[in-house]
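Chemist: Residue numbers (this note's numbering), protein chains in the order written: chain C, 1 to 537; chain G, 1001 to 1292. A virtual CB, placed ideally from N, CA and C, is assigned to each residue, including glycine. Here the structure is a predicted model, which means the values were calculated and not measured.
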Amino acid sequence: MSFPQFLFLFLLIPVPIIFHFISKRILRNKDFPSLLFVLKSDRRLLRWFHLKRLLLLLLRVGVIVSLIFSASNLLIPLSFNEPSKTIILDRSLSMKELDISSHKADVIVPNRGGISLIHKALKLHPIGILISDAQRNGFIKLLRGGKSYPGIDLEKISLPKGNIAIKDHQIGSPFVGEEVDIVFTLLNQYKYSKTVPFSLYIDDKELKRKDVSLNQGINEISFHLSLPEGLHKGSLVVYDKGGFEFDNIRYFTLCIIPKTKVVIYSSMNPLKLLAALNSSSFQVKWSKGPLIETEGDIFVVDDFPLETAPNSIKGSLPGIICFSGGVKSPLADEIPYKVSKIANFPVFSPFGKLQTICNIPIRYNFKLNRGQTLLYFENGDAFLKREGNLFFLPISLDESDLSLHPVYVPFLYQLIASLLKEDFNKDILIDQVVVIKAPFKPCVISPEGKRYFTDSIGDNRYLFRQTGRPGIYGVSDGTGIRGYISVNPDPTEALLDTLKTQEIVTLFGKEGYNNGTTFFLLIGFLFFVLSVLLERK
Amino acid sequence: MDLLKPEVIEKVGALNFRARLVVEGFLIGLHQSPYHGFSLEFCEHRPYYPGDPINRIDWKLYGRTDRYYLRKYQAETNLSAYLILDKSKSMDYGKEITKFHYARTLAASLAYLLLHQNDSVGLVIFDNEIKSLIPPKSSLNHLKLLLRDLANTEPSQKTSISDVIFNFASTIKKRSLIIVFSDLLEDPEKVMKAFKLVKVRKNEVIVFHILDSDEMKFNFTEQALYRDMEDHTTVPVNPLNIRDLYRKRFNQFLEQYRSGFAYNRIDYSLITTDTAYDEALSAYLIKRKRLL
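(1) Okay, do the region 64-75 of chain C and the region 27-38 of chain C touch, 3+ Cβ pairs below 8 Å being the bar?
(2) Could you check the C-alpha separation between L317 (chain C) and D297 (chain C) for me, to the nearest Å?
(3) For the beta strand (DSSP E) holding H169 (chain C), just list the boundary residues, first then last.
(4) Distance cutoff 7 Å, beta carbons only. Does R578 (chain C) sit that close to anything in chain G?
(5) Any beta-carbon of chain C closer than 7 Å to the one on E1215 (chain G)?
(6) Going by Cα to Cα distance, which pick from C:S531, C:H224, C:R536 is closest to V61 (chain C)?
(7) Could you check where the alpha helix (DSSP H) with P1239 (chain G) kicks off and where it finishes?
(8) Determine whether the beta carbon atoms of L51 (chain C) and H20 (chain C) lie at a separation below 7 Å.
(9) How about L1114 (chain G) and V1121 (chain G): do their beta carbons lie closer than 7 Å?
(10) When you compare the CB of F37 (chain C) with every CB in chain G, is at least one pair closer than 7 Å?
(11) Comparing alpha-carbon positions, which option in G:R1175, G:L1070, G:I1266, G:L1184 lies nearest S1160 (chain G)?
(12) May I ask you to verify whether the region 382-397 of chain C touches the region 280-289 of chain C, counting CB pairs closer than 8 Å and requiring at least 3?
(13) Whose C-beta lies closer than 6 Å to the C-beta of G524 (chain C) among residues of the same chain, with five residues either side of it excluded?
(14) Using a Cβ-Cβ cutoff of less than 7 Å, which residues in the same chain neighbour Q216 (chain C) once the five nearest sequence positions on both sides are dropped?
(15) For L9 (chain C), is the beta carbon positioned less than 6 Å from some heavy atom of the ligand ATP?
(16) List, in chain order, every chain C residue whose beta-carbon is nearer than 7 Å to that of Y1226 (chain G).
(17) Measuring only the C-alpha atoms, how far is L1240 (chain G) from F528 (chain C)?
(18) Give the straight-line distance between the Cα atoms of L1285 (chain G) and W48 (chain C), rounded to the nearest whole angstrom.
(19) Suppose contacts are defined by Cβ-Cβ distances below 7 Å. Is I360 (chain C) in contact with H405 (chain C) by that definition?
(20) Using a threshold of 7 Å, state whether the C-beta atoms of A1280 (chain G) and I1271 (chain G) are closer than that.
(21) Is the beta carbon of I395 (chain C) sitting closer than 7 Å to the one on Y364 (chain C)?
(22) Compute the beta-carbon to beta-carbon distance between V198 (chain C) and V212 (chain C), rounded to the nearest angstrom, for a pair I have assumed lies under 8 Å.
(23) How about F8 (chain C): is its C-beta nearer than 7 Å to some C-beta of chain G?
(24) Does the CB of P1188 (chain G) have a neighbour CB from chain C at under 7 Å?
(25) Give me the chain G residues within the contact set of F49 (chain C), using Cβ-Cβ distance strictly less than 7 Å, ordered along the chain.
(26) What are the partner residues of G458 (chain C), as DSSP defines its beta bridges?
(27) Quick check on DSSP: helix, strand or coil for Y1102 (chain G)?
(28) Does DSSP classify K1199 (chain G) as helix, strand or coil?
(29) So, R1258 (chain G) versus F1218 (chain G), is the Cβ gap smaller than 7 Å?
(30) Classify I218 (chain C) as buried or exposed, calling it buried when 16 or more other Cβ atoms lie within 10 Å of its own Cβ.
(31) Using a Cβ cut-off of 9 Å, pull out every chain G residue sitting near R536 (chain C), in sequence order please.
(32) If you reduce the DSSP assignment to three classes, tell me which class A105 (chain C) lands in.
(33) With a threshold of 7 Å between beta carbons, is S1090 (chain G) in contact with chain C?
(34) Short of 8 Å in beta carbon distance, which residues of its chain neighbour K338 (chain C), apart from the five on each side in sequence? Order them along the chain.
(35) If I'm right that I1134 (chain G) touches D1149 (chain G) with Cβ under 8 Å, what's the distance once you round it to whole angstroms?
(36) Is the region 405-417 of chain C close to the region 464-480 of chain C, with three or more CB pairs under 8 Å?
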């Protein structure tokens, strides 16, 4: 009910009732001998005369009640179309960009998170229809405070009965000579297991195609690929016709790192490091020092002395510096140390996939103060910092609590891969702004082949904003593709369970109910016509 | 004959004057005396003489004797007639003249006429039962008694013609002429059964069905609470909506009586209260003459 102030009109209901009783008194009594004698033979007719007056009373009351309900915009458990001046169409990806705007005039299209646009539109056009799946983008603002918005007609559109969404992907260490593991996380929102075909495309070629049975809920499917070194782009396609289509494709980028020479500087034999890097992807050398920054592709200083300032390292080669001060066993040497766990990873950190690292209590005795913090301890101290080509850690990579954990090797590989990968290879979500770090002014080629220039923000960094469509964007230096950006939709939009009951009640008044203005107007008119016809009968 | 219109006659105060006025006025208007042949009793034959009315020739006797004889009736008869008047509340309807007043004047006129013909006349006044019964006598002094009883009667109560006629028929011992004045607002089937019994007992019956023209036409326009005059039940009615239905049902009701009385060879006259008395009387006499 949008306009309850009209309910005061209920005071008019006694009018026909009073008229009914007064009219009975106003009507003249007329003695007539034969009418009832004739009519008595038809008792139904006599009953009809009395019933007719009662029906007339009810119809007249009905006319008034209908008009009041119509004026107050009462919600009814029916759905029908109402003429409106404004259609507000949610064009977010979960609506799969239904291009109604190109066919209908007077359509206002708030894009993603466009609740502010809706408010502006409603100021201009107070009567409107909002077409949206009411996903979280901005609608929570509408709900907050339990406000109702007079004039907004929220039409419920049935969602699919189920949906299979590719929500995320993880790519294992992309080193040449090793199989790359790509793990996709899928959400089956059907109420049963469903077998659907998948296709994996790498560099626009279908590498694998298989049918996978997905249980209800979260599933993972993995692919093991042997790829040549260099940049690659790919996508996974699921053929789910019953659900949303926008989440049926997941785009990703790959950079297979060539065989890498790693030089480890350590006073003690770094047995664990050597074991971890003993694969065909690496050529490892142990040196007791001193540090020579021109040797190898990457270096690891495992026991950088605590008293030595790291400023002495120039950073011409990528490297990992561990400030353990040569202490291999903090317990044994009785050096004071702190114990903490890694805080929750930022979602978009390159280490975000290594969530299990959060559960390890790690002892450390150095406070990092150089570079940009990528990972924190729970107590606020930095666990991992980066400055240019250098990573800084407050623990030894060879002798620490981390090196005893299964996540040790993936974490180490991720560190090395992060140092060696091109900076402008990105996996982002739709509408995110990309910062490309490159020695040249890049231009970006959209999936449709359109070229976009980037905006320089200094320090060889460039901004690219036009990431409104999902797909693979190419980063070009003018001569060729130097990297890829994969743009995927927000996985939260794939959730079918969009609104809580309270939210539905707040938005729609009552679930399954609809605006009754026209309905009650028609009912009132019908009652009026019936009362006129009945009176004449 | 305008003098014999009901509205004119009703202006005359006393009932006996009204009856006299009706009958005398009626007789003046007739070219032929109703006294001749107004009898139920055959007397003798006499030879035909030129100038005698041909319709009184007894053709059967001519067939046997090959001579013309006229049927001769007894001018003074000992016919006993009962005037039966409905005084139910429904008879009290009418604008200028009610059905009851009309019926009462008509009954008084017939009493006057019959007594002056030396017939004996009795009077029965009823509603749902017999309220007053005066046995038939032929003396002219008897007229005063009849007229006084008629004058002192006013409509009241419900009607039950069938019961009254049924009970009355069983009490009549002598063959009689029974003249009924009523609006007959009762189930025709029940009423016909009662009259059938009267007829079976060799009585002659004449029924004056007296109605108001409103009842025939139902030309009202104003919406009102229509109240039954006998049981006082009401019904809100818009006459415009129900007129056709009413007329249809009322004509069916009249047709039931018409066909019922015709089937039982009972003389039936439908008279509305705006009919002049002489028309009612002459219609009656013409029918009566044809019966004889």
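Modeler: Checking against the coordinates, here is how it stands:
(1) no
(2) 7 Å
(3) 164-171
(4) Chain C is shown only over 1 to 537; residue 578 (chain C) falls outside these bounds and no answer can be derived.
(5) yes
(6) Closest option to V61 (chain C), Cα to Cα, is C:S531.
(7) 1239-1263
(8) The answer is no: Cβ separation not under 7 Å.
(9) Yes. Within cutoff.
(10) yes
(11) G:L1184
(12) no
(13) V63, S66, L67
(14) N188, Y190, K191, Y192, S193
(15) In terms of ligand content, the structure shown is empty, and the ligand ATP therefore cannot be addressed.
(16) K30, F32, L35, L36
(17) Their backbone Cα atoms lie some 21 Å apart in a straight line.
(18) 46 Å
(19) yes
(20) yes
(21) Contact flag set, yes.
(22) Inspection of the sequence shows that residue 198 (chain C) is occupied by Phe rather than by Val. Right, their Cβ atoms sit about 6 Å apart.
(23) no
(24) No, because no Cβ of chain C sits closer than 7 Å to the Cβ of P1188 (chain G).
(25) V1235, P1236, V1237
(26) C:R461
(27) helix
(28) helix
(29) no
(30) exposed
(31) Within 9 Å Cβ-Cβ: N1238, L1240, N1241.
(32) Residue placement at A105 (chain C) cannot be trusted, given a pLDDT of 39 that sits under 50; what the coordinates show is reported in the next sentence. When DSSP states are grouped into helix, strand and coil, A105 (chain C) belongs to the coil group.
(33) Yes, because at least one Cβ of chain C sits closer than 7 Å to the Cβ of S1090 (chain G).
(34) R363, Y364, N365, F377, N379, D381
(35) Right, the Cβ-Cβ distance comes to about 6 Å (below 8 Å), so this counts as a contact.
(36) no
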